[in-house]
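Using the numbering used here, you'd call the opening residue of the sequence shown number 1 and step up by one each time.
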Amino acid sequence: MAHSSLSQQKQNATLTSNASHPFGPHILPNGEGVQFRLWAPSAQTVDLMLLNASGKHTIIPMQAEPNGWYTVEAAEAGHGSRYQFRINDTLNVPDPASRYQPEDVHGPSEVVDLKQLSQKDIHWKGRPWEEVVLYELHVGTFTPEGTYQGVKNKLNYLLELGVTAIELMPVADFPGQRNWGYDGVLPFAPDSAYGTPQDLKDLIEAAHDKGLMVFLDVVYNHFGPDGNYLHVYAQPFFTGRYQTPWGAALNFEGPTEVRQLFVQNAFYWLNEYRFDGLRFDAVHAVYDNSKIHFLQDLVNVIRQQIEPDRHVHLVLENDDNASPFLSGKKEEGYNAQWNDDFHHAAHVIATGEEGGYYQDYALPTSGHSPITHLARCLAQGFAYQGEPSSYRGNKRRGEKSAHLPPSAFVNFLQNHDQIGNRAFGDRLNQSADPQALKALLSCLLLSPSIPMLYMGQEWETEKPFQFFCDFEEDLAGKVREGRREEFAQFPEFALPENRERIPDPSAISTFEHSKLDWRELDQPKHANWLKFYQRLLAIRKTTIVPLIPAMVHGDANAHGYEVFETSGMQVRWRLCDGRYLQLTANLGQQALTAPPEILDNLNSERFELIDSSAPFPLKNLETDNQLLAWLVVWQIG
């Protein structure tokens, strides 16, 4: 097949018009072909290899441009064309900005004209942040099909549950057929194990048709260990100055192309697929000492260029508890951060576990009771706001957060990490008393922070969510042994034979065992749990959500808490009209005596009841001042 190329003058004009989107194939107008670009500063030569339907390929030399770029335009290419890049006449690699990999990470890339896909939700503007109730799910294990279509088939169920947004764990192309998604190597390509780009677009549009938002988890801190070739032809992508837990750190202090790839990726998901929000994984491992940190640069560009009438939500996972990235204003900065502190404190209350990072939330080492940590999370965001962390060798952790609105924090009792990073992937309901769970769920779902559920939690599934992957055997063996060594420090896994019981991440049975069993909903126990969640989410929608925009923020003293005895707390959030949202709770197994001031607030005629886990007014309260075990009362006034 003959190769066709446009004039150099026309090519330069195209490059100028496309300067803000340099990575990946660019489909030219009027059927004139496709422009291919690759940043390969470590390569001597780069060729484009176009594949035809019979598997034969045409080799087209690419022209070297300034700053390590290689470009070419191929008139014979278009939507559906498959291609690779040949580096130095020896190595064939996929496009790092591939839009689709039908033959997995080592195979050819495929040109996808997203404008040819359905665009019927172009007028969808999203929903305000205060309405968000997140439901995190893993596409491959959420349904028996394990596909985008399978998720689409469950949208009516999610709507009836009462959530308003689904959050997909990473879908960027990963090696093999099963993975959590955090080993992705091609950040623009939805993994073919779940379906086609059209299938993903159909899911998002169907969700929007029902008023549901769709978030995507993206990973900008590392590339996975198998299928990434950037180290061969674009070595400046990585730096030896820092090291992440997962390999070489990305060089955000280096060439602008490194930032450019990920900024473009964020816009790609938000604009081309119309995702409503992004969750940025483990940004504490995004190392950058530049004048403007990459994360700040990224959010500035997104907020400046996204349509002003569109609701786009940006959420961080940041173990450093760095509050400056968060904003107290609508649609500025990052909306919120996953609040691990809330989870850890609640988990200690529910289970009594004190190992690992839970030691920071247990009384002996932290100096504060678990109830104090939880109350502080509810009122002020972070539990650790600069205090020393015993788990981290008494290093100070976190920054002040009381000035931020409660909605700047995403709280949860379960997520993929807190389940899947346990040795057997067991869920909270397998170790916590049901009454404790109900009390903590009330604190989660009716507080003005943004709540998140993990798939199957709403019926307290008995299915685990275990760590799984699908690497080739050499790497699979290293992952298997590495995971078992992680648990060697725990007494129950000190013996090698006990560690052998930990599920093999590469075994297909580990993946299959992690799939939800929807037949559980036919059992009364699980059906009743679902009704409990639905009831609380209905209360949240009608009563709590309207209050969130009226919460005072910017004042570190606006929201406060009191704790009493070992398990009692009263939390109050001030509204702009002078009223308060009030939570009174005993999160313990024994009844306790409440101080007079707590009882005065609880019994005050100014407060109207929102919800109570016991008949209200509380029996015998005035005579013995006793708050029942696992009592939760919500009021406003």
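Glycine is no exception: its CB is placed at the ideal position from the N, C-alpha and C atoms. Note that this is a predicted model, so its numbers are computed, not measured.
If the criterion is Cβ atoms closer than 8 angstroms, does the pair residue i and residue j meet it?
i, j, result
"N289", "E253", "yes"
"L200", "Y148", "yes"
"A550", "H403", "no"
"F412", "M452", "yes"
"G227", "A193", "no"
"A282", "F215", "no"
"A436", "A494", "no"
"V571", "S369", "no"
"H311", "P405", "no"
"P197", "R99", "yes"
"N265", "V218", "yes"
"Q101", "A189", "yes"
"S567", "G588", "yes"
"E399", "Q385", "yes"
Could you tell me how far apart the beta carbons of residue i and residue j are, in whole angstroms, since I believe they sit closer than 8 angstroms?
i, j, result
"T45", "D113", "Rounded, the Cβ-Cβ distance is 28 angstroms, inconsistent with contact."
"Y135", "V163", "4 angstroms"
"L261", "F23", "5 angstroms"
Straight-line CA distance for residue i to residue j?
i, j, result
"K125", "L278", "15 angstroms"
"Y361", "H344", "7 angstroms"
"V185", "P615", "54 angstroms"
"V232", "G240", "15 angstroms"
"N415", "F490", "22 angstroms"
"I314", "Q337", "The amino acid at residue 314 is misidentified as Ile; the sequence shows Leu. Cα to Cα, the separation comes out at about 9 angstroms."
"T656", "P236", "Absent from the model: residue 656. The displayed extent of the chain is 1 to 637, so no value can be given."
"M421", "E565", "First, the residue type needs correcting, since residue 421 is Asn and not Met in the sequence shown. Cα to Cα, the separation comes out at about 33 angstroms."
"F174", "H222", "13 angstroms"
"S514", "Y287", "33 angstroms"
"Q626", "L602", "12 angstroms"
"L168", "Q457", "16 angstroms"
"G393", "Y242", "20 angstroms"
"V133", "W39", "40 angstroms"
"S366", "Q359", "7 angstroms"
"L298", "R259", "8 angstroms"
"P128", "E485", "44 angstroms"
"R229", "E387", "The residue you asked about is not Arg; residue 229 is Tyr in the sequence shown. So the two alpha carbons sit approximately 42 angstroms from each other."
"S389", "D341", "12 angstroms"
"G176", "V93", "17 angstroms"
"S56", "E460", "The residue asked about is misnamed: residue 56 is Lys in this sequence, not Ser. Roughly 52 angstroms between the two C-alpha positions."
"D433", "L516", "22 angstroms"
By the DSSP assignment, the beta strand (DSSP E) with residue i in it spans what residues?
i, result
"Y580", "580-586"
"E73", "69-74"
"Y558", "The residue you asked about is not Tyr; residue 558 is Ala in the sequence shown. No beta strand (DSSP E) holds A558; DSSP gives it neither H nor E."
"E608", "608-612"
"Y454", "450-454"
"K395", "395-397"
"I87", "82-87"
"Y135", "134-137"
"P596", "P596 -> not in any beta strand (DSSP E); alpha helix (DSSP H) instead, spanning 596-603."
"L48", "46-51"
"G356", "Taken as a continuous stretch (DSSP letters only), G356 belongs to no beta strand (DSSP E), as it is neither H nor E."
"N411", "409-412"
"S389", "387-389"
"L91", "91-93"
"Q337", "336-338"
"G247", "247-250"
"V34", "34-39"
"R241", "238-244"
Here's a check: name, in chain order, each residue in its chain whose Cβ is nearer than 8 angstroms to the Cβ of residue i, leaving out the five neighbours to either side.
i, result
"N156", "K210"
"L537", "V133, L161, G162, V163, L445"
For residue i, which residues in the same chain have their Cβ closer than 6 angstroms to its Cβ, ignoring the five residues on either side in sequence?
i, result
"S442", "V632"
"G33", "E73, A74, A75, A77"
"S447", "L378"
"E354", "A362"
"F467", "G420, P505"
"Y391", "Y357, Q359, D360"
Excluding sequence positions up to five away, which residues of its chain have a Cβ less than 7 angstroms from the Cβ of residue i?
i, result
"Q380", "S401, A402, H559"
"L628", "N586, A591, A614"
"P66", "none"
"F294", "F252, R259, V286, D288"
Hey, could you find the ends of the alpha helix (DSSP H) residue i is sitting in?
i, result
"S442", "434-445"
"L378", "370-380"
"T256", "256-267"
"L298", "294-305"
"G184", "Where G184 is concerned, there is no enclosing alpha helix (DSSP H), given that its DSSP letter is neither H nor E."
"A476", "473-486"
"L537", "524-539"
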